[in-house]
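Remarks on the structure that follows.
4 protein chains.
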Amino acid sequence: MTDINERDIAVFEAGIKLGALYHQFVGTPISTDTIDGLERIIEDSIGVQPHVRSVSVSIDREMVEKKQNPKFKYCELEGRMLHVSLQVLYKNIIAHVELVYDEALDYPMMSIKKIEKM
Amino acid sequence: MTDINERDIAVFEAGIKLGALYHQFVGTPISTDTIDGLERIIEDSIGVQPHVRSVSVSIDREMVEKKQNPKFKYCELEGRMLHVSLQVLYKNIIAHVELVYDEALDYPMMSIKKIEKM
Amino acid sequence: MTDINERDIAVFEAGIKLGALYHQFVGTPISTDTIDGLERIIEDSIGVQPHVRSVSVSIDREMVEKKQNPKFKYCELEGRMLHVSLQVLYKNIIAHVELVYDEALDYPMMSIKKIEKM
Amino acid sequence: MTDINERDIAVFEAGIKLGALYHQFVGTPISTDTIDGLERIIEDSIGVQPHVRSVSVSIDREMVEKKQNPKFKYCELEGRMLHVSLQVLYKNIIAHVELVYDEALDYPMMSIKKIEKM
Chain A
1 MTDINERDIA
11 VFEAGIKLGA
21 LYHQFVGTPI
31 STDTIDGLER
41 IIEDSIGVQP
51 HVRSVSVSID
61 REMVEKKQNP
71 KFKYCELEGR
81 MLHVSLQVLY
91 KNIIAHVELV
101 YDEALDYPMM
111 SIKKIEKM
Chain V
119 MTDINERDIA
129 VFEAGIKLGA
139 LYHQFVGTPI
149 STDTIDGLER
159 IIEDSIGVQP
169 HVRSVSVSID
179 REMVEKKQNP
189 KFKYCELEGR
199 MLHVSLQVLY
209 KNIIAHVELV
219 YDEALDYPMM
229 SIKKIEKM
Chain R
237 MTDINERDIA
247 VFEAGIKLGA
257 LYHQFVGTPI
267 STDTIDGLER
277 IIEDSIGVQP
287 HVRSVSVSID
297 REMVEKKQNP
307 KFKYCELEGR
317 MLHVSLQVLY
327 KNIIAHVELV
337 YDEALDYPMM
347 SIKKIEKM
Chain S
355 MTDINERDIA
365 VFEAGIKLGA
375 LYHQFVGTPI
385 STDTIDGLER
395 IIEDSIGVQP
405 HVRSVSVSID
415 REMVEKKQNP
425 KFKYCELEGR
435 MLHVSLQVLY
445 KNIIAHVELV
455 YDEALDYPMM
465 SIKKIEKM
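Residue numbers (the working numbering), protein chains in the order written: chain A, 1 to 118; chain V, 119 to 236; chain R, 237 to 354; chain S, 355 to 472.
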């Protein structure tokens, strides 16, 4: 096949970031009070990595409420609670990717949404 | 030996929190810009767990600066960067524990500082 | 209160190990085929840490089977799947602790089972 | 640009796996005795994930030996200790990717080595 190009690298780097984010933060103790702070720090932590153009994280508040242990008033961050939109810029290529909980498959699905030239 | 008492449980719970914190957050991408935010969210995340009375986290800024990759301008949170003071309250017992980098042993050392009755 | 003693430290160290184990390995991709291997490596990884006298890990096979994604044939290790028995030996004190899923509370409960002199 | 194609997805999935592996296992307590077992379980854990065709993990034994704490006889798995070769198969595209420690940059570098049609 043709050589590895900038588009390949942009998409590869975007995958790395989603995999990293997921396995770094899943398991973090969380309550409805700490959702906002955790969203911001996940964004900031991923944002310091190479080639990240933007990253937006939101955690499903309803799911946290439902999952909070009645006695202990907290739960753990799960993959299915995460909604992440991320853009990687490599050279002049932007890869838009997403992590969204797919209810039908019961699976936190990562996918490429768009690839564009700057 | 005598039965398990409240002092045992207070100290045990304090150990759990330090072990959890360490292995949840070590590896997080970090730069000097994200230190403050990461300190706060580690505190908040551990603070939602049972029996935590207070927790204070500071990350060694100099070490982060030194460890930041010159090209990519970030590094990863390491155990030796962490200074944590934590109090667990179980019934009327307070266990004060700490995670501090021990330079002589080159080891992130966890220890009990004080155990007191409220 | 009295000074920190060997019993305190034994119990504290045992807590550290359970917290560490939990937050290191929760989130690991797992299928029924990899249960045995993962149990062994969790034991081995915790076994290299200071003061661990013995550690036995079992992962709930039924829960893994039930949680495996029908399409992708795997799931992630969750705290509630873990059953851990751990002994810490500090000086001549042995602390026996456990991580067991408490169905009534729907919570992976860590507790001290016994403290004894060698 | 053109629509998202199978090549994009193969490379994206490969990135996800490397990012996941890295942030799941970095921090694991390790000694020279547990290297082999940890290599195998990392391979097995990543191998259960979708589209993984093959994965080979080796951990730098010399680095583990050098990093082992003299008193406590263990260290933690670091990114720079890892050498990973991974193939993702998506439809009829195989993406070959790698994680290798780049000594010059002092950085655990992830890269695409080859993309081929089956």
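C-beta atoms are modelled at their ideal positions from N, C-alpha and C, and glycine is treated no differently. No experiment lies behind these values; they were computed from the predicted model shown.
Collapsing the DSSP output to three states places valine 144 (chain V) in coil. In this structure, isoleucine 230 (chain V) sits near valine 215 (chain V), with a CB-CB distance shorter than 8 Å.
The C-beta separation of histidine 319 (chain R) from aspartate 338 (chain R) comes to about 11 Å, leaving the pair out of contact by the 8 Å criterion.
Per DSSP, the continuous alpha helix (DSSP H) segment holding leucine 156 (chain V) begins and ends at 153-165.
In the three-state reduction of the DSSP assignment, isoleucine 4 (chain A) falls in the coil class. In the DSSP assignment, glutamate 301 (chain R) falls within the unbroken alpha helix (DSSP H) covering 297-303.
Chain A has no Cβ within less than 8 Å of the Cβ of aspartate 456 (chain S). When the five nearest sequence neighbours on each side are left out, the beta carbons in the same chain lying within less than 7 Å of the beta carbon of tyrosine 310 (chain R) are those of Pro265, Ile266, Ser267, Gln304, in order along the chain. For alanine 331 (chain R), the enclosing beta strand (DSSP E) stretches over residues 329-338. For methionine 110 (chain A), the enclosing beta strand (DSSP E) covers residues 107-117. Secondary structure of leucine 440 (chain S) (DSSP, three-state): strand. Pairing leucine 156 (chain V) with serine 281 (chain R), the inter-Cα distance amounts to about 27 Å. Shown here, glutamate 432 (chain S) sits in coil according to DSSP, grouped into three states, outside any helix or strand.
Beta-bridge analysis with DSSP links valine 175 (chain V) to V:Val202. Around the Cβ of lysine 307 (chain R), a 10 Å sphere holds fewer than 16 other Cβ atoms; the residue is exposed. Proximity of the stretch 126-145 of chain V to the stretch 247-257 of chain R meets the contact definition, three or more beta-carbon pairs being nearer than 8 Å. The CB of valine 166 (chain V) comes closer than 8 Å to the CB of Pro29, Ile30, Ser31, Asp33, Thr34, Lys73, Tyr74 in chain A, given here in chain order. Interface with chain A (8 Å Cβ-Cβ cutoff): isoleucine 395 (chain S) is excluded.
Look at lysine 445 (chain S): its C-beta is not under 8 Å from any C-beta on chain A. Spanning the alpha carbons of methionine 417 (chain S) and methionine 236 (chain V) requires a straight line of approximately 47 Å. Taking the Cα of glutamate 194 (chain V) as reference, the smallest distance to any Cα among V:Ile127, V:Val129, V:Val206, V:Tyr140 is reached at V:Tyr140.
Rounded to whole angstroms, methionine 228 (chain V) and glutamate 43 (chain A) show a C-alpha spacing of 30 Å.
Residue contact with chain S for leucine 156 (chain V): absent (no Cβ-Cβ distance below 8 Å to any residue of chain S). Classified as exposed, aspartate 357 (chain S) has fewer than 16 neighbouring CB atoms from the shown chains inside 10 Å of its CB. One thing to note: isoleucine 351 (chain R) has its Cβ within 8 Å of the Cβ of valine 247 (chain R). When rounded, the separation of the alpha-carbon atoms in alanine 138 (chain V) and alanine 256 (chain R) is 5 Å. What glutamine 260 (chain R) touches in chain S, judged by beta-carbon distance under 7 Å, is Gly381, Thr382, going in chain order.
Of the residues assessed, aspartate 8 (chain A) falls on the buried side of the cut-off, its CB having 16 or more other CB atoms within 10 angstroms.
By the CB criterion at 8 Å, valine 380 (chain S) and glycine 145 (chain V) fall inside the cutoff.
With fewer than 16 other beta carbons inside 10 angstroms of its own, leucine 105 (chain A) counts as exposed.
Spatial neighbours of glutamate 419 (chain S) in its own chain (CB-CB distance under 7 Å, excluding positions within 5 residues in sequence) are listed in chain order as Thr386. Taking the beta carbon of aspartate 460 (chain S) as reference, the chain V residues within 7 Å of it are Asn187, listed in sequence order. For aspartate 162 (chain V), the chain A residues whose C-beta falls within less than 7 Å of its own C-beta are Thr34, Gly37, listed in chain order. Here the C-alpha atom of arginine 394 (chain S) lies approximately 21 Å from the C-alpha atom of methionine 317 (chain R). For glutamate 314 (chain R), the number of other beta carbons within 10 angstroms of its own is at least 16, and it is reported as buried.
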